[in-house]
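The listed protein sequences correspond, in order, to chains A and B. Quick note on numbering that gives the first Met the number 0: the first sequence kicks off at 0 and runs consecutively. Quick note on numbering that gives the first Met the number 0: the second sequence kicks off at 0 and runs consecutively. For glycine and all other residues, C-beta sits at the position ideal for the given N, C-alpha and C.
Protein chains: 2
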Amino acid sequence: MKETLSTISQKTGFSVTTVSRVLSGQAEKYRISERARKIVLEEAERCNYSPNIIARNLRTNKTNTIGLILPSVSNPYFADLSSVIIAEANSRKYTTIVLDSMESESNQEACIATLMARRVDGIIVAPCGTDPAIFEEINKKHVPVILVDRFYEESDLPYVTTNNYSGGVEAINSLIRNGHRNIACIQGVKTSAPNKKRIAGYKAAMADAGLEDNILVVGNEFSLQNGYLETKLLLNRNPRPTAIFTLSNTIALGAIKAIREAGMKIPDDISLIAFDNNIYMDYLTPPISRISQPVEDMAKLAVKLLFESIESHNRVNTKLELAPDFISRESVKNLE
Amino acid sequence: MKETLSTISQKTGFSVTTVSRVLSGQAEKYRISERARKIVLEEAERCNYSPNIIARNLRTNKTNTIGLILPSVSNPYFADLSSVIIAEANSRKYTTIVLDSMESESNQEACIATLMARRVDGIIVAPCGTDPAIFEEINKKHVPVILVDRFYEESDLPYVTTNNYSGGVEAINSLIRNGHRNIACIQGVKTSAPNKKRIAGYKAAMADAGLEDNILVVGNEFSLQNGYLETKLLLNRNPRPTAIFTLSNTIALGAIKAIREAGMKIPDDISLIAFDNNIYMDYLTPPISRISQPVEDMAKLAVKLLFESIESHNRVNTKLELAPDFISRESVKNLE
DNA sequence: TACTTTTGCTCAAACGATTGTGCATAATTA
DNA sequence: TAATTATGCACAATCGTTTGAGCAAAAGTA
Numbered sequence: 000m001k002e003t004l005s006t007i008s009q010k011t012g013f014s015v016t017t018v019s020r021v022l023s024g025q026a027e028k029y030r031i032s033e034r035a036r037k038i039v040l041e042e043a044e045r046c047n048y049s050p051n052i053i054a055r056n057l058r059t060n061k062t063n064t065i066g067l068i069l070p071s072v073s074n075p076y077f078a079d080l081s082s083v084i085i086a087e088a089n090s091r092k093y094t095t096i097v098l099d100s101m102e103s104e105s106n107q108e109a110c111i112a113t114l115m116a117r118r119v120d121g122i123i124v125a126p127c128g129t130d131p132a133i134f135e136e137i138n139k140k141h142v143p144v145i146l147v148d149r150f151y152e153e154s155d156l157p158y159v160t161t162n163n164y165s166g167g168v169e170a171i172n173s174l175i176r177n178g179h180r181n182i183a184c185i186q187g188v189k190t191s192a193p194n195k196k197r198i199a200g201y202k203a204a205m206a207d208a209g210l211e212d213n214i215l216v217v218g219n220e221f222s223l224q225n226g227y228l229e230t231k232l233l234l235n236r237n238p239r240p241t242a243i244f245t246l247s248n249t250i251a252l253g254a255i256k257a258i259r260e261a262g263m264k265i266p267d268d269i270s271l272i273a274f275d276n277n278i279y280m281d282y283l284t285p286p287i288s289r290i291s292q293p294v295e296d297m298a299k300l301a302v303k304l305l306f307e308s309i310e311s312h313n314r315v316n317t318k319l320e321l322a323p324d325f326i327s328r329e330s331v332k333n334l335e
Numbered sequence: 000m001k002e003t004l005s006t007i008s009q010k011t012g013f014s015v016t017t018v019s020r021v022l023s024g025q026a027e028k029y030r031i032s033e034r035a036r037k038i039v040l041e042e043a044e045r046c047n048y049s050p051n052i053i054a055r056n057l058r059t060n061k062t063n064t065i066g067l068i069l070p071s072v073s074n075p076y077f078a079d080l081s082s083v084i085i086a087e088a089n090s091r092k093y094t095t096i097v098l099d100s101m102e103s104e105s106n107q108e109a110c111i112a113t114l115m116a117r118r119v120d121g122i123i124v125a126p127c128g129t130d131p132a133i134f135e136e137i138n139k140k141h142v143p144v145i146l147v148d149r150f151y152e153e154s155d156l157p158y159v160t161t162n163n164y165s166g167g168v169e170a171i172n173s174l175i176r177n178g179h180r181n182i183a184c185i186q187g188v189k190t191s192a193p194n195k196k197r198i199a200g201y202k203a204a205m206a207d208a209g210l211e212d213n214i215l216v217v218g219n220e221f222s223l224q225n226g227y228l229e230t231k232l233l234l235n236r237n238p239r240p241t242a243i244f245t246l247s248n249t250i251a252l253g254a255i256k257a258i259r260e261a262g263m264k265i266p267d268d269i270s271l272i273a274f275d276n277n278i279y280m281d282y283l284t285p286p287i288s289r290i291s292q293p294v295e296d297m298a299k300l301a302v303k304l305l306f307e308s309i310e311s312h313n314r315v316n317t318k319l320e321l322a323p324d325f326i327s328r329e330s331v332k333n334l335e
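So this is what it looks like as structure tokens:
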């Protein structure tokens with residue numbers, strides 16, 4: 000492990016330059032003789048040489064590393080996302096540094112500082128907060144930034160997200176088709192763009208059906224607890240909603256907990272539709288109807304955009320919305 | 000961002016050395032005057048200086064980075080583990096590189112090569128495969144290695160894991176207390192130590208109850224599909240087991256799927272107990288009795304051990320088994 | 001006044017790679 | 001044979017930081 004170009008140079012008698020060129024595959028370009036190549040390669044093999052990437056990074060001013068900032072690494076949705084991103088980056092010979100902002104803007108700033116100090120070649124982020132300024136500056140002056148899942152509507156930062164509006168519309172329309180009129184929605188972080196779009200879809204679909212007066216949006220966090228508490232309150236309302244639309248998988252679990260505690264059954268006593276997809280949702284009783292985000296496609300596209308940007312040394316300004324899938328299960332009662 | 004010690008040196012008139020010492024908090028130690036400190040700090044502030052960590056790493060031969068290799072980044076169990084490890088490392092000013100071996104030894108070797116080339120200061124790994132040699136060599140010659148979850152019985156590499164044996168015993172005893180005699184077990188990767196220990200616990204508890212003849216172990220993968228297929232077969236056996244013990248959460252989901260397809264109900268027609276804990280298990284119908292691993296404690300201890308090793312420049316040889324929790328729910332029928 | 005100690009700072013090497021340029025020698029051509 | 005071109009390699013600078021050693025000038029002491 001103490002093997003360097005210099006030690007190989009000494010062993011073989013060739014200069015560090017020559018050794019470097021052979022080992023970095025530039026032998027052809029710099030006309031290194033077959034003989035020299037062979038000797039150098041054999042010595043490198045023998046001593047198990049592994050180039051010091053730190054030194055290379057310093058010299059080339061490239062780290063072959065990307066940064067990934069997520070609001071919650073352990074959330075299954077983001078765990079899936081990171082899994083795909085890590086794999087995609089890896090297939091391009093890049094390493095990923097995953098950081099957790101824990102839904103806090105100050106943590107997020109610390110994450111950014113870490114990534115900038117480590118001179119990553121690009122950043123993929125599901126941002127928290129409402130101010131795009133810091134990412135815009137980085138994107139303009141330093142390294143490319145691609146937003147994923149969450150984005151800033153007023154900014155021209157590139158992003159890949161689900162078509163959250165149509166997801167909201169689809170969810171509500173399916174409820175309306177089943178005769179529901181009194182549909183409540185439990186939201187997550189109010190200021191996040193996906194949340195806003197889903198709410199917009201919900202409201203538009205309700206309005207289209209002439210149900211403006213029944214619009215009811217509660218909650219403020221993408222968490223189980225939020226789902227639980229808000230559902231408790233919803234179940235006490237008069238009239239009680241016949242259906243609940245939860246804007247995340249965690250909120251859905253909280254809602255289920257509250258519904259059970261009230262001794263009620265899904266879908267007989269109340270219907271439920273959720274955003275997000277997780278395999279376990281099919282194993283709940285009943286399986287939950289849901290709006291599934293194309294996580295793998297989103298992750299792959301985000302990486303693709305990032306590398307376009309890195310390799311071209313230009314910024315992209317692509318904004319992509321991928322269509323969600325509606326997965327119909329048995330958590331919605333037909334009231335007609 | 001093009002700000003370096005050298006540019007600050009030029010602006011302020013102090014040498015690069017002095018600037019470096021002020022900015023790295025060594026002013027006291029090297030008797031830099033208050034006046035000089037102030038000037039340098041102000042200039043650094045003004046131009047928004049951020050040290051080039053790559054250069055620092057090269058010079059100090061430390062990267063303040065640890066590597067984490069997992070068999071499946073998206074598996075909720077490992078997602079939880081990585082979340083805690085990332086946070087713990089971060090609180091010690093370390094960055095984590097997460098890599099996915101995808102349960103393949105050749106991938107695992109590639110991961111190791113990546114981490115060594117990047118000169119991480121230490122490695123935490125839930126290894127796959129049965130050969131500890133490569134990790135032993137790294138641990139001996141290069142950087143400290145701590146195993147987590149999975150480990151090698153014959154090796155003296157340090158590890159933190161669950162007491163999988165007692166977990167197996169507890170699961171089976173609880174079934175036996177409920178009158179079960181015909182208990183099948185669906186395992187994961189046969190060669191992994193946790194799997195072996197769980198099986199050993201299962202067999203010991205069965206034997207203690209005089210049920211050697213009823214011992215039945217099937218399966219070979221920590222996956223939903225394995226759980227599904229093996230359960231299909233188990234349900235066709237004669238006599239059919241009255242209870243199934245699945246060695247992971249994914250296997251449990253597969254078992255549930257097969258049981259449902261057969262038109263059977265848990266626990267009325269068959270009982271189920273699983274290894275691993277996930278919040279959604281409480282929301283299944285019925286909630287699943289399970290052996291919960293202390294993921295957070297394991298992660299924190301693994302990080303603690305790693306840093307002991309890094310900071311002391313010595314290897315630790317601690318081997319820790321943490322007691323699992325038995326979470327009793329309604330997936331087990333009392334046959335008596 | 002002369003010597004010692006402290007203060008405040010700089011020099012220059014080092015970490016390990018990459019890379020533009022240059023220089024012999026060998027091979028080719030005229 | 002002389003001029004030209006091709007071949008094969010090495011020199012030395014560079015990336016931005018850290019750090020042991022050293023050296024004036026200022027302050028303290030005798």
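- Taken in chain order, the whole alpha helix (DSSP H) runs of length 4 or more contained in the region 81-122 of chain B are 104-116.
- Remark: three or more beta-carbon pairs, one from each stretch, lie closer than 8 Å, so the region 286-293 of chain B and the region 316-332 of chain B are flagged as touching.
- Distances from the alpha-carbon of Phe150 of chain B to those of B:Ile265, B:Ala132, B:Ala208 put B:Ala132 closest.
- Of the other Cβ atoms in all chains shown, fewer than 16 fall within 10 Å of the Cβ of Lys1 of chain A; this residue is therefore exposed.
- Membership of Ala199 of chain B in the alpha helix (DSSP H) is indicated by the continuous run 192-207.
- The region 268-276 of chain A and the region 52-65 of chain A do not touch, with fewer than three beta-carbon pairs separated by less than 8 Å.
- Per DSSP, Thr59 of chain B is one residue of the alpha helix (DSSP H) stretching across 52-59.
- DSSP places Lys256 of chain B inside the alpha helix (DSSP H), whose first and last residues are 248-260.
- The three-state reading of DSSP puts Tyr158 of chain A in strand, counting E and B together.
- Contact of Arg328 of chain B with chain A is not assigned, every C-beta pair being separated by 8 Å or more.
- 8 Å or more divides the Cβ of Ile214 of chain B from the Cβ of Lys195 of chain B.
- Considering only beta carbons, the part of the region 68-82 of chain A lying closer than 7 Å to chain B consists of Val72, Ser73, Pro75, Ala78, Asp79, Ser81, Ser82, in chain order.
- The continuous stretches of alpha helix (DSSP H) do not include Ala322 of chain A, and DSSP gives it neither H nor E.
- Contact between Gly226 of chain A and Thr245 of chain A holds, with the beta-carbon distance rounding to 6 Å and staying under 8 Å.
- Comparing alpha-carbon positions, the option among B:Ser71, B:Tyr29, B:Ala116, B:Ala86 lying closest to Lys61 of chain B turns out to be B:Ala116.
- Taking 8 Å as the upper bound for CB-CB distance, Val124 of chain A and Ile68 of chain A are in contact here, some 4 Å apart.
- Cβ contact annotation for Ser14 of chain A (same chain, cutoff 8 Å, sequence separation greater than five): Ser8, in chain order.
- Among the CB atoms of chain B, one or more fall inside 8 Å of the CB of Val97 of chain A.
- Residues are counted here when their Cβ sits less than 9 Å from a Cβ of chain A; for the region 19-50 of chain B these are Ser49, Pro50, given in chain order.
- Taking 8 Å as the cut-off, the Cβ atoms of Arg118 of chain B and Asn163 of chain B do not count as close.
- The beta carbons of Pro193 of chain B and Asp155 of chain B sit no closer together than 8 Å.
- Not flagged as an interface residue toward chain A: Ala261 of chain B, since no C-beta distance is shorter than 8 Å.
- In the DSSP assignment, Gly66 of chain B is bridged to B:Ile96, B:Ile122.
- The Cβ of Tyr201 of chain A sits no closer than 8 Å to any Cβ of chain B.
- Listed along chain A are Leu252, Tyr279, each with a C-beta nearer than 7 Å to that of Tyr279 of chain B.
- Around the C-beta of Glu152 of chain B, fewer than 16 other C-beta atoms lie within 10 Å, and the residue is accordingly described as exposed.
- DSSP links Ser288 of chain A through a beta bridge to A:Ile272.
- With a contact defined as Cβ atoms closer than 8 Å, Thr129 of chain A and Pro323 of chain A miss out at about 24 Å.
- Distances from the alpha-carbon of Cys127 of chain A to those of A:Gly121, A:Ser105, A:Leu114, A:Asn138 put A:Ser105 closest.
- For the pair Gly209 of chain A and Arg180 of chain A, the Cα-to-Cα distance works out to about 9 Å.
- Taken in chain order, the members of the region 277-309 of chain B whose beta-carbon sits within less than 7 Å of a beta-carbon on chain A are Ile278, Tyr279, Tyr282, Leu283, Thr284.
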